[in-house]
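Structure first, commentary second.
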Ligand SMILES: Nc1nc2c(ncn2[C@@H]2O[C@H](COP(=O)(O)OP(=O)(O)OP(=O)(O)O)[C@@H](O)[C@H]2O)c(=O)[nH]1
Ligand SMILES: [Mg+2]
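In the working numbering, the protein residues as written are -18 to 441.
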């Protein structure tokens, strides 16, 4: 990645394609001068927002609004200009080429945010959250990413790190003056402080699972014998006829996936081909393999039964298949067709199939009865509360570094409690501090920064 600190960069910062307005951003020392060369305005000179035309010499290229942001109070910390042009790819290219011809260079992916990081406008965790916010699929994940951008995660890390630095100072002072223990922190006090840092790091680590769920969502596969209503259930949840529904057993032969927002979580629902005992047709056999594959990658299984008929050999076949497959994921037993005369109860299913279910629910894909309860149950499994909005985003890089910090803090406490190796305890405490610093990008290696920022889009 060619992340040079120097030079003025320019790129399209809004989405590619046609739109009412597109925003081209320039950042760097010369961004005002470059804009002056390509922009003609009648607005008063000192205005921050100016109306005018993009000019290629004497030729008008577009009617635009330019907003000028003077360093250092800008996104990047540098002089920055945002040109709102008409959102036509031809115009966008022309304006960008004019900026390049007049001294700007094309921005690398994530280079605006990289400059913001270099200029101290945000730390690395906050910069990563910009990416997470743009990638968020639900309001809840967007809110969590915004909490990170606002510094909620970073300030927690800084608080632990600063307290740890203070403790390290006491530990080092004790090493230099071992006989003056009274003047410094008592060993018990040091241990109790370490305990509280350990708890705080553990608390942050506990956000990892929900962060992953908020960002990536969960997959629920609907399985069951043919004709129990799997495709009907998918359609009812989606509120549209996505999958073909007939009363012919074996209608679905492939997997069909759709993602919805379920209680703030991106939920991918997978409709599968029905599994039955005597499948012979090669298409059905291939479909069965796809069902097994879908079930093995799902986070939760919705095993659908037809409550208007008794269990049969096909249900037993599926039970055998689940027992053999050794899946360690929750299975919700869904009794469909509750609008018809009931011939099957949850007790029948438990006693005949001898499998453990996470929950039992009666629904009707036809009338939509019980569907909200089913979605609530899936939301509950994901562990994301409907009313809670103070989530923070822990990505896998943060998770690894928090684990390193935790390990070092536990070692520090253990060694310190043995009273005969305080130098090593100090060394471990510094390791924990280094891991916390790395989360914020302090002294981060260039290859790590390159790897993070190169995942951003151009213009970000
Ligand atoms: N009364 C009633 N009929 C339903 C309900 N759900 C599905 N059906 C009917 O059951 C039949 C089979 O529905 P599908 O959704 O195609 O069943 P499937 O499990 O996807 O079947 P395969 O794709 O063959 O595995 C259709 O005639 C549906 O209209 C329900 O809740 N109530
Ligand atoms: Mg089907």
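Even glycine gets a Cβ: it sits at the ideal position worked out from N, Cα and C.
So which of 72, 35 and 10 has the shortest CA-CA distance to residue 1? 72
Expressed to the nearest angstrom, what Euclidean distance is found between the alpha-carbon atoms of residue 165 and residue 153? 10 Å
Cutting at 6 Å between CB atoms, please list the residues of its own chain near residue 33, excluding the five before and the five after it. 20, 21 and 22
Taking Cβ to Cβ, would you say residue -13 is nearer than 8 Å to residue 60? Not closer than 8 Å, so no.
Could you tell me the distance, in whole angstroms, from the CA atom of residue 136 to the CA atom of residue 321? 57 Å
Can you tell me whether residue 442 is helix, strand or coil according to DSSP? The shown model of the chain, from -18 to 441, leaves out residue 442, and the question about it has no answer.
Helix, strand or coil for residue 73, going by three-state DSSP, please let me know. When secondary structure is reduced to three states using DSSP, residue 73 falls in the helix class.
Where do the ends of the alpha helix (DSSP H) carrying residue 12 lie? 12 to 19
Could you have a look at residue 408 and say whether DSSP puts it in helix, strand or coil? helix
Presumed contact (8 Å Cβ cut-off) between residue 422 and residue -7, rounded CB distance: In fact, because the Cβ distance is near 26 Å, the residues do not count as touching under 8 Å.
Would you give the residue range spanned by the beta strand (DSSP E) that residue 6 belongs to? 0 to 8
Of the listed residues 103, 264, 186 and 16, nearest to residue 54 (C-alpha basis): 103
How many Å lie between residue 182 and residue 91 at the Cα? 29 Å
In its own chain, which residues sit with a C-beta less than 7 Å from the C-beta of residue 65, not counting the 5 before and 5 after it? Within the same chain, residue 65 has close Cβ partners 2, 4, 45 and 46.
Sufficient close CB pairs (3 or more, under 8 Å) joining the region 173 to 188 to the region 141 to 149: The answer is yes - the region 141 to 149 touches the region 173 to 188, with three or more Cβ pairs under 8 Å.
Opposite residue 65 in the DSSP bridges: which residues? The partner list for residue 65 (beta bridge, DSSP) reads 4 and 46.
If you measure between the beta carbons of residue 393 and residue 175, is that distance less than 8 Å? yes
Within 10 angstroms of the Cβ of residue 206, are there 16 or more other Cβ atoms? Answer buried if so, exposed if not. buried
Considering only heavy atoms of ligand 1, does any lie closer than 7 Å to the CB of residue 202? If you check the C-beta of residue 202 against ligand 1, you find no heavy atom less than 7 Å away.
Among 113, 25 and -15, nearest to residue 436 - alpha-carbon criterion: Ranking 113, 25 and -15 by Cα distance to residue 436 puts 113 first.
Residues in its own chain within less than 7 Å of residue 217 by CB, not counting five upstream and five downstream? 346, 349 and 352
Helix, strand or coil: which one does DSSP assign to residue 242? Judged by DSSP in its simplified three-state form, residue 242 adopts strand.
Which word fits residue 427, buried or exposed, when buried means at least 16 other C-beta atoms lie within 10 angstroms of its C-beta? exposed
Compare the C-alpha of residue -2 against each of 39, 40, 69 and 30 and name the closest. Residue 69 is the option with its Cα nearest to residue -2.
Go ahead and label residue 318 buried or exposed: buried means 16 or more other beta carbons lie within 10 angstroms of its beta carbon, across all protein chains shown. buried
With distances taken Cα to Cα, identify the nearest neighbour of residue 275 among 204, 261, 214 and 403. 204
Whole-angstrom distance between residue 429 and residue 261, CA atom to CA atom: 53 Å
Flag this pair as yes or no: are the beta carbons of residue 75 and residue 42 separated by less than 8 Å? Against a cut-off of 8 Å, the Cβ pair of residue 42 and residue 75 comes out as a contact.
Does DSSP put residue 263 in a helix, a strand or coil? helix
List the DSSP bridge partners of residue 236. Partner(s): none; residue 236 has no beta bridge.
What runs of the alpha helix (DSSP H), each 4 residues or longer, lie entirely inside the region 246 to 328? Runs of the alpha helix (DSSP H) inside the region 246 to 328: 263 to 278 and 294 to 306.
Do residue 209 and residue 286 have their CB atoms nearer than 8 Å? Contact: yes.
Residue range of the alpha helix (DSSP H) that residue 142 falls in? 133 to 157
With distances taken Cα to Cα, identify the nearest neighbour of residue 377 among 146, 191 and 29. 191
Using the Cα positions of residue 37 and residue 79, report the straight-line distance between them to the nearest angstrom. The straight-line gap from Cα to Cα measures roughly 7 Å.
Report the three-state DSSP secondary structure of residue 98 (helix, strand or coil). Secondary structure of residue 98 (DSSP, three-state): helix.
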